[in-house]
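Input: a single structure, listed below in structure tokens.
Number of protein chains: 2
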Amino acid sequence: MRQNPARRTALLDAAIDVLAREGSRGLTLRAIDKEAGVPTGTASNYFANRDELLTQVMRRTRERLTPDPEALAETMKQAPSHELAAELMRQLLTRMRNDRAGNLAMLELRLEATRRADLHTELSGFLAEENRQVVDYHLTAGLPGDRTGVALLYFAMFGLIVDDLTVPAILEPYSTDDLIEQMVNRLLP
Amino acid sequence: MRQNPARRTALLDAAIDVLAREGSRGLTLRAIDKEAGVPTGTASNYFANRDELLTQVMRRTRERLTPDPEALAETMKQAPSHELAAELMRQLLTRMRNDRAGNLAMLELRLEATRRADLHTELSGFLAEENRQVVDYHLTAGLPGDRTGVALLYFAMFGLIVDDLTVPAILEPYSTDDLIEQMVNRLLP
DNA sequence: ACCGTAGTACTGCAGTTGCAGTAGTGTCAA
DNA sequence: TTGACACTACTGCAACTGCAGTACTACGGT
Numbered sequence: 001m002r003q004n005p006a007r008r009t010a011l012l013d014a015a016i017d018v019l020a021r022e023g024s025r026g027l028t029l030r031a032i033d034k035e036a037g038v039p040t041g042t043a044s045n046y047f048a049n050r051d052e053l054l055t056q057v058m059r060r061t062r063e064r065l066t067p068d069p070e071a072l073a074e075t076m077k078q079a080p081s082h083e084l085a086a087e088l089m090r091q092l093l094t095r096m097r098n099d100r101a102g103n104l105a106m107l108e109l110r111l112e113a114t115r116r117a118d119l120h121t122e123l124s125g126f127l128a129e130e131n132r133q134v135v136d137y138h139l140t141a142g143l144p145g146d147r148t149g150v151a152l153l154y155f156a157m158f159g160l161i162v163d164d165l166t167v168p169a170i171l172e173p174y175s176t177d178d179l180i181e182q183m184v185n186r187l188l189p
Numbered sequence: 001m002r003q004n005p006a007r008r009t010a011l012l013d014a015a016i017d018v019l020a021r022e023g024s025r026g027l028t029l030r031a032i033d034k035e036a037g038v039p040t041g042t043a044s045n046y047f048a049n050r051d052e053l054l055t056q057v058m059r060r061t062r063e064r065l066t067p068d069p070e071a072l073a074e075t076m077k078q079a080p081s082h083e084l085a086a087e088l089m090r091q092l093l094t095r096m097r098n099d100r101a102g103n104l105a106m107l108e109l110r111l112e113a114t115r116r117a118d119l120h121t122e123l124s125g126f127l128a129e130e131n132r133q134v135v136d137y138h139l140t141a142g143l144p145g146d147r148t149g150v151a152l153l154y155f156a157m158f159g160l161i162v163d164d165l166t167v168p169a170i171l172e173p174y175s176t177d178d179l180i181e182q183m184v185n186r187l188l189p
């Protein structure tokens, strides 16, 4: 098992691109080699099997989708308000749109997790924890809304993001900025 | 190309099961034969290629997830109210839970559609139309809320459903009935 | 009633692809 | 010089597709 972390990350990023572009069906060790531009067989040296690969892809995807702490701190300089909450949601949507591959990969992993116990355990732990943290953060930052409202806000955002990524035609009749503003105002009393 | 409609439907239902259980990766014509318990090669006679198969799987999945008109009519006997809207949402969630395979297949198809232009066109048309219809239905039935509110309600429900299907651990801290009641009350003024 | 034909369903095979895994060699840096 | 990584090449295997050939069924003509 090779250790070179830079190369490993490069392989994982390549895997995310393959996953987004060709789906779980196209994700093979060989395809990763090709995408990363490394010799055939290299990915085999870094991942013992598909399970291990997927677990590591998940961790890498999580890293990529985590907001930049500095940018977040910058935004949070404003006084907490509905406007700030809406701004955070707009940034969330933008972040997701800017890493389309990462997001599609995460969706693929969710589906894959319904079939692989290990991945499911890891993904459940991670996403449940993240949800908890994000709600706590919102509340302790003094942003408006109660626990249920914040949870609903994130479910609505998630639905919107999935549609935006996969079938944006559904969103065409609406303005996403307007949707976000309305959902913040209505869900966070 | 064979025509026997009953057999075709049986093959498509088998395809949906395979898709849900093993993902796009495991969906082959042979796997469908096996799942449907028909002789090897049969599915090849019904679907010229993978594209055609996926398109037809999509149509069949749509059929399966459409609410039963009678049951809907029965529910709609009540006077329109927030309570009725909540009841409709609870039924939606139940319906989705009762056809887990159909739902997972639809998610797979959404992802597949990001890679196949034909499928994307068809899926976009269908889902956009469905969204429009569902919002119109809600409004003309006299249920509370404006167009934006109803749209938000469906995004939130969609997010909740996807989480429920793939990573239910996220929902564990919450009561789905409570979430539904709150989202109806808050999003539909 | 019989036969021929067309349409449909089934079976098995052959060829192809493409993957995983691993062994072996080359290279570079400590 | 030694150890870790990079690269190359090979083997064996599994699965898929597409084809070709066969069996069954229905139907229409005589």
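Those sequence lines, one after another, are chains A and B.
Residue 1 is where the first sequence starts when you use the numbering used here, and the numbers rise one by one after that.
Residue 1 is where the second sequence starts when you use the numbering used here, and the numbers rise one by one after that.
Beta carbons are placed, not taken as given, at the ideal position from N, Cα and C, and that holds for glycine.
As the structure is a computational prediction, the values presented were derived from the model and not from experiment.
For this session: Could you check if Gln-78 of chain A is buried or exposed, using at least 16 other CB atoms within 10 Å of its CB as the buried criterion?
Result: Around the beta carbon of Gln-78 of chain A, fewer than 16 other beta carbons sit within 10 angstroms, so the residue counts as exposed.
For this session: Go through its chain and collect everything with a Cβ distance to Ala-151 of chain A's Cβ below 8 Å, but skip five positions before and after it.
Result: Same-chain partners within the cutoff: Asn-131 and Val-135.
Exercise. Can you list, in chain order, the stretches of the alpha helix (DSSP H) that have 4 or more residues and sit fully within the stretch 76–133 of chain A?
Worked result: 82–98 and 100–113
Exercise. Considering only C-alpha positions, which residue in the set A:Phe-155, A:Thr-166 and A:Val-167 is nearest to Val-162 of chain B?
Worked result: A:Phe-155
For this session: Check distances from the C-beta atoms of the stretch 103–125 of chain A to those of chain B and list, in chain order, the residues that come in under 8 Å.
Result: Leu-104, Leu-107, Glu-108, Arg-110, Leu-111, Glu-112, Ala-113, Thr-114, Arg-115, His-120, Leu-123, Ser-124 and Gly-125
Problem set entry | Beta carbon of Leu-139 of chain B nearer than 9 Å to that of Ile-170 of chain A | no
Exercise. Can you list the residues of chain B that Tyr-137 of chain A reaches, using a CB-CB cut of under 7 Å?
Worked result: Under the 7 Å cutoff, chain B gives no residues; its nearest Cβ is about 15 Å from Tyr-137 of chain A.
Problem set entry | Length of the line joining the Cα atoms of Pro-39 of chain B and Pro-189 of chain A | Per the coordinates, the alpha-carbon of Pro-39 of chain B lies some 60 Å from the alpha-carbon of Pro-189 of chain A.
Exercise. Can you name the start and end residues of the alpha helix (DSSP H) that Val-150 of chain B belongs to?
Worked result: For Val-150 of chain B, the enclosing alpha helix (DSSP H) begins and ends at 147–166.
Exercise. For Val-18 of chain A, which residues of its own chain have a beta-carbon under 7 Å away from its beta-carbon, when the five flanking residues on both sides are left out?
Worked result: Closer than 7 Å at Cβ, skipping near neighbours: Gly-26, Leu-27, Ala-31, Ile-32 and Glu-35.
Exercise. Mind pulling the chain A residues with CB within less than 8 Å of Leu-23 of chain B?
Worked result: Contrary to the premise, residue 23 of chain B reads as Gly rather than Leu in this sequence. In chain order: Ser-24, Arg-25, Leu-111, Glu-112 and Arg-115.
For this session: Answer yes or no: does any C-beta atom of chain B fall closer than 9 Å to that of Met-183 of chain A?
Result: yes
For this session: For Asn-49 of chain B, decide whether its Cβ has a neighbour in chain A, counting only Cβ atoms nearer than 9 Å.
Result: Proximity of Asn-49 of chain B to chain A, defined by a Cβ-Cβ separation below 9 Å, is not satisfied.
Exercise. Span of the alpha helix (DSSP H) holding Pro-207 of chain B?
Worked result: No answer is possible for residue 207 of chain B: the residues shown for chain B start at 1 and end at 189.
Exercise. What is the DSSP secondary structure of Val-38 of chain A, counted as helix, strand or coil?
Worked result: coil
Problem set entry | Ser-24 of chain A burial status per 10 Å Cβ neighbour count (16 or more: buried) | Answer is buried; the Cβ neighbour count reaches 16.
Exercise. Taking the C-alpha atoms as reference points, what is the distance between Gln-56 of chain B and Ala-71 of chain B?
Worked result: Between the alpha carbons of Gln-56 of chain B and Ala-71 of chain B lies a gap of roughly 26 Å.
For this session: For Gly-149 of chain A, I'd like the list of residues in its chain whose CB is within less than 8 Å of its CB, leaving aside the five on either flank, ordered along the chain.
Result: Leu-187, Leu-188 and Pro-189
Exercise. Residues in the stretch 143–157 of chain A with C-beta within 8 Å of chain B's C-beta atoms, listed in sequence order?
Worked result: Here the close residues are Thr-148, Gly-149, Ala-151, Leu-152, Tyr-154, Phe-155, Ala-156 and Met-157.
Exercise. Contact between the stretch 88–105 of chain A and the stretch 49–65 of chain A: three or more CB pairs below 8 Å?
Worked result: The stretch 88–105 of chain A vs the stretch 49–65 of chain A: in contact.
Exercise. Which class does Arg-50 of chain B belong to by DSSP, given the choice of helix, strand or coil?
Worked result: In this structure, Arg-50 of chain B counts as helix in the three-state DSSP scheme.
Exercise. Which residues in the same chain have their Cβ closer than 6 Å to the Cβ of Leu-29 of chain B, if we skip the five residues on either side of it in sequence?
Worked result: Ala-43 and Ser-44
Exercise. When the distance is taken between beta carbons, is Met-96 of chain B closer than 9 Å to Leu-123 of chain B?
Worked result: Not in contact: Leu-123 of chain B and Met-96 of chain B (Cβ atoms no closer than 9 Å).
Problem set entry | chain B contact for Ala-20 of chain A (CB, 9 Å cutoff) | yes
Exercise. For the stretch 40–72 of chain B, which residues have a beta carbon sitting closer than 9 Å to at least one beta carbon of chain A?
Worked result: none
Problem set entry | Identity of the residue in A:Leu-11, A:Asn-98, A:Phe-158 and A:Glu-129 nearest Phe-47 of chain A by Cα | A:Leu-11
Exercise. Taking C-alpha atoms, which residue in B:Gly-37, B:Asp-118, B:Thr-114 and B:Gln-3 lies nearest to Asp-13 of chain B?
Worked result: B:Gly-37
Exercise. Leaving out the 5 sequence neighbours to the left and right, which residues in its chain are closer than 7 Å to Arg-62 of chain B when beta-carbon positions are compared?
Worked result: Phe-126
Problem set entry | Exposure label - Ala-73 of chain B; buried when at least 16 CB within 10 Å | exposed
Exercise. Using CA coordinates, which residue listed in A:Ile-180, A:Tyr-174, A:Arg-110 and A:Met-183 is at the minimum distance from Glu-22 of chain B?
Worked result: A:Arg-110
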